[in-house]
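Here the sequence shown is numbered in the numbering used here, starting from 742 and rising by one per residue.
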Amino acid sequence: MATDYDAPRKTDEDTDSIQALQERVPDKLSGVVDVDDADNPGFELAGQDLADLDLDVVVLPPQADEFTCISCFLVKHRSQLDHEEKLGSVCRECAA
742 MATDYDAPRK TDEDTDSIQA LQERVPDKLS GVVDVDDADN PGFELAGQDL ADLDLDVVVL
802 PPQADEFTCI SCFLVKHRSQ LDHEEKLGSV CRECAA
């Protein structure tokens, strides 16, 4: 037997009116928005003009105990070095 999954399904619960549904929900939950600064750490929203902001970024030179993986291009500690190739160093994650 074929089933039409696009056909609307009606049950006894679907026949409740909007008023009956509103009576089930307590009023103390409706319209209350809990605004807590701890929940909003201050992320910038998309579309804001940030052209007038000056961002100071400190770029450190390569350290003696670091290398840049030629596969993932991440700077890693020498303890994560798997092997050296002609082109450069490869980390353990990329070698696996």
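Glycine included, every Cβ here is placed at the ideal spot set by N, Cα and C.
Values in this document were obtained by computation on a predicted structure and should not be read as measured data.
Go through its chain and collect everything with a Cβ distance to residue i's Cβ below 8 Å, but skip five positions before and after it.
i: isoleucine 875; result: This structure leaves residue 875 out entirely; the chain is present only between 742 and 837.
Run through the DSSP bridge pairs and tell me what residue i is partnered with.
i: threonine 809; result: Val816
i: serine 830; result: Cys810 and Glu825
If you count every other CB in all the chains shown that lies within 10 Å of the CB of residue i, and 16 or more means buried, which is it?
i: phenylalanine 808; result: buried
Given a cut-off of 8 Å on the beta-carbon distance, is the pair residue i and residue j in contact?
i: histidine 818; j: alanine 836; result: no
Could you give the distance in angstroms between the alpha-carbon of residue i and the alpha-carbon of residue j?
i: aspartate 790; j: arginine 833; result: 41 Å
i: arginine 750; j: alanine 761; result: 20 Å
i: cysteine 813; j: valine 799; result: 22 Å
i: serine 795; j: aspartate 806; result: Residue identity check: residue 795 is aspartate in the sequence provided, not serine. Distance between the alpha carbons of aspartate 795 and aspartate 806: 31 Å.
i: arginine 765; j: serine 758; result: 11 Å
i: glutamine 821; j: aspartate 793; result: 40 Å
Among the residues of its own chain, which have a CB less than 7 Å from the CB of residue i, if the five just before and after it don't count?
i: aspartate 797; result: none
i: valine 816; result: Glu807 and Thr809
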